[in-house]
Every structure is written in C-alpha cells, then in structure tokens.
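Single-structure report; data block below.
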Amino acid sequence: MSPQSQPLKTRLKACAEDVAQKLERMLSEDPRGAEQYRPPRLLEAMRHGVLNGGKRIRPFLMIETARMLGYEHPGALRAACALECVHSYSLIHDDLPAMDDDALRRGKPTVHVAFDEATAILAGDSLLTMAFDIMADEKTHYKAEVRTELVRGLAQNAGIGGMAGGQSLDIASEGRSITEGEIRQLEQMKTGALLRFACEAGAMLAEANAKERAAVTRFGTIIGLAFQLADDLLDVTSTSAQLGKTAGKDQKAKKATLVSLHGIEATRAELNTLITEAESLLAPFGSQADTLTATARYIATRKN
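Next comes the structure, spelled out in structure tokens:
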C-alpha cells in the first residue's frame with residue numbers, strides 16, 4: 080500500500096512519529112555549529128515540551144501540501160519540525176501562570192509544573208530560536224531565496240501580527256464584551272496564523288505558481304478557522320480526560336468565543352460550510368488532494 084492510499088489516521092500517526100524522531104535527534108546533547116554547550120535541565124525541559132505526543136497537525140499540513148504540489152524531499156520534514164518547535168514554544172508559554180495558568184497539557188504536567196517557571200520560559204525561548212536555525216539551514220531547501228521566504232513567513236505568522244499578537248488580544252479580551260469581528264480577528268491570529276502558514280509553506284517548498292499558492296493559502300486560512308471553532312466546541316462539550324487538557328477554560332476565564340456568541344448548533348453549521356469551501360478549493364488538484372481533504376474533515380469532527 081502506497082503512503083497516499085493509507086487511511087488518514089495511519090498517515091497522521093506516521094507523520095507524528097517521523098516528526099518526533101527528527102526532533103529527538105535535533106534535541107540531542109551534542110552542540111551544533113556555533114553552540115557551545117546544551118545545559119541538561121534546559122534540554123530536558125525542551126524535550127518535555129515538544130516530545131510529549133500530539134497530532135502534529137501543522138507539520139502534517141506542511142508536508143502534505145508540499146507533497147500534493149509535487150515536492151517530496153527530506154527538507155519538508157525539517158521545515159515541518161521548525162514549525163512544530165514554534166507551536167510547542169507557544170504552548171509552553173501559554174500554560175504559564177501569567178498566561179492561561181494550566182497544569183495539564185496532552186495529559187501530562189505542563190513544563191512549568193514539571194520543572195519551574197524560569198526553565199519553562201527559557202525552554203520556550205530556545206525552541207523558538209531553534210526553529211529559525213532549522214529553517215535557515217541549507218539542508219531544509221537548496222535555494223537560499225526559498226529558505227529566506229520560509230524564515231520571513233514563519234516570523235511574521237508567529238510574531239506581533241500573528242500568533243503572539245493573537246494571544247495578546249485574547250488576554251485583553253478576558254472578562255469584557257468584544258464584537259464578533261474582534262473574536263474572529265484574535266482567533267485568526269492566535270490559532271489560524273500557524274495553520275495557514277503550514278499550508279503556504281508547503282507551497283513555498285514546492286515553488287508552486289501563484290494560483291496554486293493562493294488556493295492552498297486560502298485552504299490554510301479555512302483550516303485555521305475550522306480548527307478554532309472545533310476547539311471552542313470541544314471546550315464546552317468535552318471533559319478534561321477526553322481533551323488531555325483542562326476543559327471549560329474559556330467559560331471560567333469569561334472569554335468570548337463564537338460558541339458563546341452564537342451557540343453550539345450555529346457553530347457546527349459554520350464548520351460544515353467551511354469544510355465545503357475547503358473541499359472546493361482542493362478540487363482542481365484531483366486525487367492528489369485526497370489526504371488534505373480528509374484532513375479538513377478530520378479537523379472539523381475531531382474529539383480531542
């Protein structure tokens with residue numbers, strides 16, 4: 080059976096294992112390049128934060144988008160690992176007492192609980208900077224201009240105008256009434272930015288044409304919206320045991336979400352509309368898009 084014909088869950092699991100194994104090698108004790116020494120406790124905290132399971136949806140989207148566009152190269156896995164480092168750093172910092180103050184992540188103690196707050200901050204910082212080291216390496220792509228575009232895209236989607244900015248808006252929204260437009264803005268930044276970039280980066284790696292890149296970038300935008308809507312639904316319909324993290328956090332923090340604004344059924348209806356658009360965007364790619372199409376459906380219907 081070719082990888083393309085395997086069930087989605089099999090492909091997701093295989094990709095997650097590939098990413099974990101690659102990150103484990105990257106997070107060895109041996110210094111790289113200009114590095115002088117890797118402090119063991121900090122390294123252990125980084126490993127705790129990034130090697131603790133998870134579906135690796137963002138790496139999967141990047142690798143599968145690149146594959147759909149004809150790019151199958153070990154560099155795609157490296158770029159995907161860089162993206163996962165940024166995502167994991169954001170989770171470590173989001174869980175801190177100054178942010179969401181969470182003790183559980185993927186069913187395990189969060190980094191600041193397993194170690195301490197200072198080490199958790201440094202572990203997040205180190206994963207973030209490591210991501211750019213990986214992305215800028217010539218082993219990620221043989222063309223310097225492609226690597227430059229990947230680095231710039233990751234920086235813009237992770238920073239003030241993307242994920243970090245979205246987290247700032249989210250914190251500022253707690254306990255106060257905000258508009259639907261403001262909710263959508265913060266969610267598109269906090270959650271959607273890296274998911275959109277995952278798809279756009281796949282097109283960058285494949286050096287896709289403008290039409291192809293526009294289609295997969297829009298697909299990534301839709302996936303980001305769908306992922307957040309599904310997350311908001313799970314927060315109000317699932318238990319902590321089912322989620323592997325604390326359930327009901329949004330309600331407890333009095334955060335405004337589209338679920339709290341429109342209700343469960345209307346949110347599910349919007350999810351269905353988004354997935355229909357996602358499928359139409361991928362239709363021109365034929366059977367090569369089957370995996371990404373199945374991924375869109377999975378994101379909308381997942382249980383954790």
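So the number in our numbering is just where the residue sits in the sequence shown, counting from 1, plus 79. Heads up, the beta-carbon is just placed ideally off N, CA and C, and yes, glycines get one too. Since the structure is predicted, the reported quantities are computational estimates derived from the model, not experimental observations.
Quick check: what's the CA-CA separation for residue i versus residue j?
i                 : j                 : result
alanine 368       : alanine 379       : 17 Å
lysine 290        : arginine 275      : 16 Å
serine 359        : alanine 294       : 10 Å
isoleucine 301    : glutamate 356     : 8 Å
isoleucine 354    : aspartate 204     : 35 Å
leucine 312       : glutamate 114     : 44 Å
methionine 105    : alanine 202       : 14 Å
arginine 231      : methionine 209    : 15 Å
glutamine 85      : phenylalanine 194 : 39 Å
phenylalanine 298 : leucine 361       : 8 Å
serine 167        : aspartate 212     : 16 Å
valine 315        : isoleucine 262    : 17 Å
phenylalanine 364 : isoleucine 136    : 21 Å
What did DSSP end up calling residue i once you bin it into helix, strand or coil?
i             : result
serine 339    : helix
glutamate 344 : helix
glutamate 431 : Examination of residue 431 is not possible in this model, given that the chain is present from 80 through 383 alone.
glutamine 100 : helix
proline 86    : coil
arginine 381  : coil
lysine 92     : helix
leucine 360   : helix
leucine 106   : coil
arginine 297  : helix
Taking all protein chains shown into account, do 16 or more other C-beta atoms lie within 10 angstroms of the C-beta of residue i, making it buried, or fewer, making it exposed?
i              : result
asparagine 288 : exposed
glutamine 235  : exposed
methionine 150 : Just to set this straight, residue 150 is tyrosine in the shown sequence, not methionine. The residue is buried, with at least 16 neighbouring Cβ atoms inside 10 Å.
alanine 199    : buried
lysine 269     : buried
aspartate 249  : buried
alanine 251    : exposed
glycine 271    : buried
glutamine 246  : buried
methionine 80  : Any reading at methionine 80 must be qualified, since the residue scores a pLDDT of 45, below 50, and its modelled position is unreliable; no value is offered.
serine 169     : buried
Since residue i and residue j should fall inside the 8 Å C-beta cutoff, what is the C-beta to C-beta distance between them, to a whole number of angstroms?
i           : j                 : result
leucine 284 : leucine 162       : No, leucine 284 and leucine 162 are not in contact; Cβ-Cβ is about 11 Å, not under 8 Å.
leucine 91  : phenylalanine 139 : 6 Å
leucine 156 : aspartate 97      : 6 Å
alanine 124 : valine 190        : 6 Å
lysine 334  : glutamate 253     : 6 Å
leucine 308 : threonine 346     : 6 Å
### Query
Residue ranges of each beta strand (DSSP E) run of no fewer than 3 residues wholly in the segment 162–206, ordered along the chain?
Along the segment 162–206, the beta strand (DSSP E) does not occur as any fully enclosed run of 3 or more residues.
### Task
Kindly provide the ranges of any alpha helix (DSSP H) runs that are 4 or more residues long and lie completely inside the segment 108–141, ordered along the chain.
119–129
### Query
Residue ranges of each alpha helix (DSSP H) run of no fewer than 4 residues wholly in the segment 209–292, ordered along the chain?
223–237, 242–252, 259–269 and 271–285
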